[in-house]
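Contents: one structure, followed by commentary.
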Amino acid sequence: MAGLRSKSWKNFVFALPAAFLLPALVFAGDCPEVDLEAIKWLDRMTRSVDEVSYHGVVTFQRDGQDMQVMQVSRVVDGDTSFERLTQLTGQGAEILRASHPLQCVHPGHKLLRMGQDLQDGECGLSRLYRFRVTEGERVAGRKAVRLEVAPRDLYRYGYILELDRRTGLLLKSVTVGRGSRMLEKFQFADIAYNSRLPEGAEINLVHEAEHPAPGEAREERSLPQAWQVGWLPRGFTATDTPLPNAARRTFTDGLAVFSIFIEELDRSIRPGEGVVRSGSTTSYTRGMNVGDEPVLVTVVGEIPVNTARMVADSVAWTH
Amino acid sequence: MSERLRESLSAMLDDEANELEIQRVIKALDQDPELRETWRRYQAIRTAVTDHGVSHLQLDISSRVREALDSQESPAVASLGQRLRKPFASFAVAASVAATVVIGGQQLATLDAEDPYGVETASSGGVSPVGLINSVGAVPVRASFGTQPVPVTQASARNAYEELARQRMQLYLQEHAEHAALNSPDGLIPFARVPEIQE
Numbered sequence: 001m002a003g004l005r006s007k008s009w010k011n012f013v014f015a016l017p018a019a020f021l022l023p024a025l026v027f028a029g030d031c032p033e034v035d036l037e038a039i040k041w042l043d044r045m046t047r048s049v050d051e052v053s054y055h056g057v058v059t060f061q062r063d064g065q066d067m068q069v070m071q072v073s074r075v076v077d078g079d080t081s082f083e084r085l086t087q088l089t090g091q092g093a094e095i096l097r098a099s100h101p102l103q104c105v106h107p108g109h110k111l112l113r114m115g116q117d118l119q120d121g122e123c124g125l126s127r128l129y130r131f132r133v134t135e136g137e138r139v140a141g142r143k144a145v146r147l148e149v150a151p152r153d154l155y156r157y158g159y160i161l162e163l164d165r166r167t168g169l170l171l172k173s174v175t176v177g178r179g180s181r182m183l184e185k186f187q188f189a190d191i192a193y194n195s196r197l198p199e200g201a202e203i204n205l206v207h208e209a210e211h212p213a214p215g216e217a218r219e220e221r222s223l224p225q226a227w228q229v230g231w232l233p234r235g236f237t238a239t240d241t242p243l244p245n246a247a248r249r250t251f252t253d254g255l256a257v258f259s260i261f262i263e264e265l266d267r268s269i270r271p272g273e274g275v276v277r278s279g280s281t282t283s284y285t286r287g288m289n290v291g292d293e294p295v296l297v298t299v300v301g302e303i304p305v306n307t308a309r310m311v312a313d314s315v316a317w318t319h
Numbered sequence: 001m002s003e004r005l006r007e008s009l010s011a012m013l014d015d016e017a018n019e020l021e022i023q024r025v026i027k028a029l030d031q032d033p034e035l036r037e038t039w040r041r042y043q044a045i046r047t048a049v050t051d052h053g054v055s056h057l058q059l060d061i062s063s064r065v066r067e068a069l070d071s072q073e074s075p076a077v078a079s080l081g082q083r084l085r086k087p088f089a090s091f092a093v094a095a096s097v098a099a100t101v102v103i104g105g106q107q108l109a110t111l112d113a114e115d116p117y118g119v120e121t122a123s124s125g126g127v128s129p130v131g132l133i134n135s136v137g138a139v140p141v142r143a144s145f146g147t148q149p150v151p152v153t154q155a156s157a158r159n160a161y162e163e164l165a166r167q168r169m170q171l172y173l174q175e176h177a178e179h180a181a182l183n184s185p186d187g188l189i190p191f192a193r194v195p196e197i198q199e
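Here it is as structure tokens:
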């Protein structure tokens, strides 16, 4: 863990003004102060993936675990994209996403494209995070611009994003938890902008990524009755439109994503809760009665434990 | 709210606060009505978890906590023996405070207890209602070839729940990653968090 601590992040956190949580209240009806340059870079980041083809080697680190290394490729071909992630360590799995239309923009990315929101008088992500642009470091041999993203409430983590100064591509991302603790870090070690796919890795398994999207019906595990989530942290929106009785719901604020899974139990359970964390991922499982029925609610995602707990607590049947 | 206080509050909410942080929050609760409201709301949720209902949550937890902390002896007047015991004493106070203020998963587990991993589960040969694997002590095992299942230990429900959370993480992380990969800036990277990718 100590090896992952960063001095620069610490400085950043302690340099934040004391009125950290208040702006949203103080500026109710108005946007809290907005760093337009940061907004511009975020916007550019989400669009960059449609503009450039690249291949690179990415390292992925989580506290207390071995570093993972993977090849990541993305090729833009006409109006679709092809993505591939190949694990060079560990399981040796390969993830593919082919023929993804460029105009298919999912809810999380829409939230990051804030330029229009701000013109329309909506605050978008700047209600949820405080942004700051600074001089970035060198990542994978590229000059980067650094985007410091600090949460305005206790319900989400902070991030340090390093974007390629030329292309806007996300080259490095650090997820930061309480106490300036680095929970997780991924970064390119090497990157090349061209459309020739590297070959040669020995693959054990290929998984074709699914495409859950709003308005698309999918077959999913379902419950006998419909349910709802009574409380969500501010700014979170559904990533797709599952049936009212689907056993899963997923929400995003543009940067963080979490999913709720419900299991109905056929007998009563001793009420309780359990938490396991790995990097920035929290798995929170809670046994409780919803109405009169015993259920197991699990919240999995890149959010603090307390957020998961409060979301799980608000699950109710739809009457 | 200062950054440090925010950190302390966050630590308490995450069950990770040390004594110093707990004191910091208590002091702030004294002075900040808004924070007190937030805290009450949080406590209401905690109480709801225990199935006690929200009503008796009107209790101001902070004063109870302060009492616990105030009863701690002052190091200035402590004898050597007392000082030697101090680390333990102070730990005990911190722990009891944490149990009062923060959550106390174990407390929850012992309330309203009908043992879900009880005798019935094993003797019926059925699957444990929540898919708990046998590595957790709470699951009874059969004694040799006898017909009576023998409950091994009444392992704390907390451990059982932690095991459940671990299993759920493995079970659900890939499905979660399918969404994260389309709704966060990291491209396919969320799949790197999945312990074992399934086709």
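Heads up: the protein sequence lines correspond to chains A and B, in order.
With the first letter of the first sequence counted as 1, position 37 gets the number 37 in UniProt numbering; the numbers rise by one all the way through.
With the first letter of the second sequence counted as 1, position 196 gets the number 196 in UniProt numbering; the numbers rise by one all the way through.
The beta carbon of each residue, even a glycine, is placed where N, CA and C say it ideally should be.
Open item on the list: Is the separation between the beta-carbon of A316 (chain A) and that of Q228 (chain A) shorter than 8 Å?
Closed with: yes
TODO: Give the single residue among A:C104, A:G78, A:E83 whose Cα lies nearest to the Cα of residue 326 (chain A).
DONE: No answer is possible for residue 326 (chain A): the residues shown for chain A start at 1 and end at 319.
Open item on the list: Tell me the rounded alpha-carbon separation between L125 (chain A) and V25 (chain B).
Closed with: Taking the straight line from one Cα to the other gives about 28 Å.
TODO: Determine, using beta carbons only, whether Y157 (chain A) comes closer than 8 Å to chain B.
DONE: no
Task: Straight-line Cα distance separating T241 (chain A) from E216 (chain A) - done: Rounded to whole angstroms, the separation of the alpha carbons of T241 (chain A) and E216 (chain A) is 7 Å.
Open item on the list: Per DSSP, what are the beta-bridge partners of G158 (chain A) in this structure?
Closed with: A:V176
TODO: Quickly, what does DSSP pair A192 (chain A) with across the bridge? List them, please.
DONE: A:H55
Open item on the list: Does chain A have any CB closer than 8 Å to the CB of residue 200 (chain B)?
Closed with: Lying before the first or after the last residue shown, residue 200 (chain B) is absent from chain B, which here runs from 1 to 199.
- [ ] Could you confirm whether any beta carbon from chain A is found closer than 8 Å to the beta carbon of P33 (chain B)?
- [x] Nearest CB-CB separation between P33 (chain B) and chain A: not below the 8 Å threshold.
Open item on the list: Below 8 Å on C-beta distance, what does Q91 (chain A) contact in chain B?
Closed with: Ordered by position in chain B, the residues that pass the 8 Å Cβ test against Q91 (chain A) are E196, I197.
Open item on the list: On the DSSP letters alone, give me the boundaries of the alpha helix (DSSP H) that A28 (chain B) sits inside.
Closed with: 19 to 31
Open item on the list: Going by DSSP in three states, W317 (chain A) sits in which element: helix, strand or coil?
Closed with: strand
- [ ] Buried or exposed for S184 (chain B), please, with buried defined as at least 16 other CB atoms from any protein chain shown within 10 angstroms of its CB.
- [x] buried
- [ ] Can you tell me which of B:R6, B:R193, B:L9, B:S8 puts its alpha carbon nearest to the alpha carbon of Q174 (chain B)?
- [x] B:R193
TODO: Can you check DSSP and say which residues form a bridge with P101 (chain A)?
DONE: A:T80
- [ ] Taking the CB atoms as reference points, tell me whether T237 (chain A) and T250 (chain A) lie closer together than 8 Å.
- [x] Contact: no.
TODO: Please classify Q103 (chain A): is it buried, with 16 or more other beta-carbons within 10 angstroms of its beta-carbon, or exposed?
DONE: exposed
TODO: Go through its chain and collect everything with a Cβ distance to G56 (chain A)'s Cβ below 6 Å, but skip five positions before and after it.
DONE: V72, F188, D190, I191
Open item on the list: I'd like to check one pair, L154 (chain A) with T164 (chain A): are the Cβ atoms closer than 8 Å?
Closed with: Checking the sequence shown, residue 164 (chain A) turns out to be Asp, not Thr. Not closer than 8 Å, so no.
Task: From B:A165, B:E16, B:L5, residue whose alpha carbon lies closest to that of L29 (chain B) - done: B:L5
Task: Residues sharing a beta bridge with A238 (chain A), DSSP - done: A:F251
Open item on the list: Within 8 Å, do at least three Cβ pairs link the stretch 257 to 266 of chain A to the stretch 293 to 300 of chain A?
Closed with: yes
Open item on the list: Please report the straight-line C-alpha distance between V311 (chain A) and I303 (chain A), rounded to a whole angstrom.
Closed with: 11 Å
Task: Near-chain B residues of the stretch 68 to 87 of chain A - C-beta to any C-beta below 9 Å - done: Q68, M70, V72, R74, E83, R84, L85, Q87
- [ ] Take the Cβ of H106 (chain A) as the centre, count every other Cβ of all protein chains shown within 10 Å, and call the residue buried at 16 or more, exposed below.
- [x] Counting Cβ neighbours within 10 Å, H106 (chain A) comes out buried, since at least 16 surround it.
Open item on the list: Tell me which residues share the same chain as E37 (chain A) and place their Cβ nearer than 7 Å to its Cβ, disregarding the 5 neighbours each side in the sequence.
Closed with: V133
Open item on the list: Give me the chain B residues within the contact set of P212 (chain A), using Cβ-Cβ distance strictly less than 8 Å, ordered along the chain.
Closed with: E178, H179, L182
Open item on the list: I'd like to know if the stretch 201 to 210 of chain A and the stretch 139 to 158 of chain A are in contact, where contact means that at least 3 CB-CB pairs between them fall below 8 Å.
Closed with: Counting Cβ pairs under 8 Å, fewer than three are found: no touch.
- [ ] Please name the residue or residues paired with I260 (chain A) in a DSSP beta bridge.
- [x] A:R249, A:V299
- [ ] Round the Cβ separation of P233 (chain A) and S268 (chain A) to the nearest angstrom and send it over; I've been treating them as touching at under 8 Å.
- [x] Actually they do not touch by this definition, with Cβ atoms about 30 Å apart.
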